[in-house]
Structure formats: structure tokens, C-alpha cells
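What follows is a single structure, written as C-alpha cells, with notes after it.
Numbering (this note's numbering), first residue to last: 13 to 193.
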């Protein structure tokens, strides 16, 4: 069991890694500073590890919280990138393909009668008419895009504690057979 924790690596998303790591840490109690180092070494992305270490977190909880911040920043940057449709490399193009399509569909939701699209003379940011310009008419912005601007107010400690509470509740509801899988 201890070897599982010492060799535990991230395979999926960050949130899943945090949840599974904390579950294993509860089963095998070890020093919190050592657990912090194991957690950082298990991260899939060396960039994420570097970003976390730049902030000099002192506890495992600080490391996890900073990781949530960095993942959220990466997600926001990826969602902004498709708006400026970047075709530098096929890998970058394929990576943001589904987000790019959704963004383009969202931006082109206005009804246009001509098949030729021209850039908006008001903002020069998109292919829409000045009547549908979201810079000129902020009330026409979709609510999902408006909420993205308020993400800097995200309470990562609340997310972390909610995740820990969920794990504790799940452990209380599960039988002992679940741990032997």
C-alpha cells in the first residue's frame, strides 16, 4: 500500500489526481512534507510542477490549492486562444478543435443573409455585423462568456474542502470491500 502511494502518478485530470492522492494518503499516513514532494513528483505536467514551485508553497494544501489555480489559468488561456484562431502547428490546431468549433459557432450565431463574412468595422475582432457586435452591445454577450471573466474570484480552498468532504462522505458510504479492489 505504501509503495502504491510512493509510485503514484497522474494519469487523468488534475482534480482526479488530487482526489485519488488524498484517498491514498488517508490510507497510508506519512509526513506531510514528504507527501508534498510525492504529490509534486507524481504530476504529469512538468510545467504545472514548475508553476506551483515558483510560489513556494509550504504545505500540501498550499500545493494543491496552487495547482487548482494554475489549472484554471491554463483552461482560461486555452479558451481564449481559439478566438484568435491560431494555425501555427497541426498539434495546436487539433488540441483546440472542439473548443474552437464551439467558440466559432457561438460567435456566428447571428443571422446573416450573405454567405461572405466581413470583419466587424466596430471592433475588428469577429465576422459579424455592427448590429450584433458584442463590444458595442454588451447585453448580447452569452452568459457563459460573461462568467469566465469573474473566474479570478474562484475560491480554491472551498473547492479543495468540498472535494475532501466528498471523499470522506464516499468513504463512509462505501463498504470495506471497495478498498480491496
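Here a beta-carbon is modelled for each residue, glycine too, at the ideal position from N, C-alpha and C.
Treat the numbers as computed from the prediction; the structure is a model and nothing was measured.
Inter-residue Cα distance where the pair is residue 64 and residue 167:
A straight line joining the alpha-carbon of residue 64 with that of residue 167 spans about 17 Å.
Segment limits, alpha helix (DSSP H) that includes residue 79:
In the DSSP annotation of this structure, the continuous segment of the alpha helix (DSSP H) that includes residue 79 starts and ends at 72–92.
Just the C-alpha distance for residue 15 and residue 48, rounded to the nearest angstrom, thanks.
One alpha carbon belongs to residue 15, the other to residue 48, and they sit about 16 Å apart.
Assign residue 28 to buried or exposed, taking buried as 16 or more other Cβ atoms, counted over all protein chains shown, within 10 Å of its Cβ.
The residue in question, residue 28, is exposed, as its Cβ has fewer than 16 Cβ neighbours within 10 Å.
Could you tell me the alpha carbon to alpha carbon distance between residue 130 and residue 137, rounded to whole angstroms?
Those two C-alpha atoms are separated by around 10 Å.
Out of 38, 86 and 33, which has the shortest C-alpha to C-alpha gap to residue 57?
Comparing Cα positions, the closest option is 86.
Could you check whether residue 51 and residue 80 sit closer than 8 Å to each other, using their CB atoms as the reference points?
Not closer than 8 Å, so no.
Given a cut-off of 8 Å on the beta-carbon distance, is the pair residue 179 and residue 90 in contact?
Here residue 179 is not near residue 90, since their CB atoms are 8 Å or more apart.
Can you tell me whether residue 30 is helix, strand or coil according to DSSP?
DSSP places residue 30 in helix when its eight states are reduced to three.
Compute the Euclidean distance between the alpha carbons of residue 18 and residue 44, then round it to the nearest angstrom.
When rounded, the distance between both Cα atoms is 13 Å.
Assuming residue 18 is part of the alpha helix (DSSP H), what are its boundary residues?
For residue 18, the uninterrupted alpha helix (DSSP H) run begins and ends at 14–18, by DSSP.
In angstroms with no decimal places, state the Cα-to-Cα distance between residue 148 and residue 92.
Going from the Cα of residue 148 to the Cα of residue 92 covers about 20 Å.
Residue of 132, 174, 169 and 177 minimising C-alpha distance to residue 74
Residue 169 is the option with its Cα nearest to residue 74.
Report the three-state DSSP secondary structure of residue 52 (helix, strand or coil).
Note: residue 52 maps to helix in three-state DSSP.
Local conformation of residue 59 per DSSP, three classes
Residue 59: helix per DSSP, three-state reduction.
Let's test the definition: count the other Cβ atoms within 10 Å of the Cβ of residue 26 and tell me whether it reaches 16, buried, or not, exposed.
Label assigned to residue 26: buried.
Look at the alpha carbon of residue 139 and the alpha carbon of residue 133, and state the distance between them as a whole number of angstroms.
So the two alpha carbons sit approximately 9 Å from each other.
My output table needs one value for residue 142: the three-state DSSP class, helix, strand or coil.
In the structure shown, residue 142 sits in a helix (DSSP, three-state: H, G or I).
Straight-line CA distance for residue 144 to residue 154?
Within the model, the alpha-carbon separation for residue 144 versus residue 154 is close to 12 Å.
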